[in-house]
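Residue numbers (the numbering used here): 191 to 380.
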């Protein structure tokens, strides 16, 4: 069970519910090293040592502290419910909040914005050269509305930390499906 949060409005941080990373064998020949909570540099050194020892079946004093088998779904249920309530709140609020514009022409070069055309919210980006990219603003994972992250020049989903590049291709996060591309802005009328 993980918590995904943003730090500084643009960086996704994945953290185990109890705050310690999961490092070790999950089952068979499957090993994980995840949930470093933004502290990948020090934890990656620990993870490398633990994974090395685990693959050679050597006991380690720290193995139990970081074991992915320590995950207790019931103990993390409260946080899981809270995070999913946050997702539900985003799903509702995103649809009730007005878009930044009702015209594709309003987007300046190098800028991304949400545009409302008819009943659709669109993710509109204009390259520094003036080329317009129009995408569905609906995330392909849980259908929350993405927002423009100016610092990273990406479309970010507030529900589970999914990020897409200016062409709608996945950068990181749960889904692998890109944002729907609108080939012709006139196709976006509902």
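No residue lacks a Cβ here, since even glycine has one placed at the ideal position from N, Cα and C.
Values in this document were obtained by computation on a predicted structure and should not be read as measured data.
Contact belief for residue i with residue j at Cβ below 8 Å, rounded distance in angstroms
i, j, result
"residue 304", "residue 372", "Residue 304 to residue 372, Cβ: 13 Å. No contact."
"residue 252", "residue 225", "At roughly 15 Å, the Cβ-Cβ gap does not stay under 8 Å, so residue 252 and residue 225 are not in contact."
"residue 214", "residue 258", "6 Å"
"residue 345", "residue 370", "Rounded, the Cβ-Cβ distance is 12 Å, inconsistent with contact."
"residue 216", "residue 222", "6 Å"
"residue 322", "residue 349", "Incorrect: roughly 26 Å between the Cβ atoms, too far for contact."
"residue 347", "residue 363", "7 Å"
Backbone secondary structure at residue i - three-state DSSP
i, result
"residue 210", "coil"
"residue 359", "coil"
"residue 297", "coil"
"residue 366", "coil"
"residue 215", "strand"
"residue 251", "coil"
"residue 230", "helix"
"residue 377", "Unreliable positioning characterises residue 377 in this predicted model, as indicated by a pLDDT of 46, which lies under 50. A coordinate reading is not provided."
Environment of residue i [buried if 16+ CB atoms lie within 10 Å]
i, result
"residue 335", "buried"
"residue 231", "exposed"
"residue 311", "buried"
"residue 199", "Residue confidence for residue 199 is low, a pLDDT of 43 falling below 50, so the modelled location carries little weight; the figure read from the coordinates is stated next. It counts as exposed."
"residue 399", "An answer regarding residue 399 cannot be provided, because it is not within the stretch 191 to 380 covered by the chain."
"residue 377", "Note on residue 377: pLDDT 46, under 50, position unreliable in the model; the coordinate value appears next. Exposed."
"residue 271", "exposed"
"residue 248", "exposed"
"residue 341", "exposed"
"residue 297", "buried"
"residue 328", "buried"
"residue 318", "exposed"
"residue 239", "exposed"
"residue 302", "buried"
CB contact check: residue i to chain C, cutoff 8 Å
i, result
"residue 244", "This model lacks chain C altogether, as it is built from one protein chain only."
Residue i CB to nearest heavy atom of the ligand MN below 7 Å
i, result
"residue 229", "Absence of the ligand MN is noted for the structure shown, with no ligands found whatsoever."
- Any alpha helix (DSSP H) of 4 or more consecutive residues that is wholly inside the segment 304–360: none
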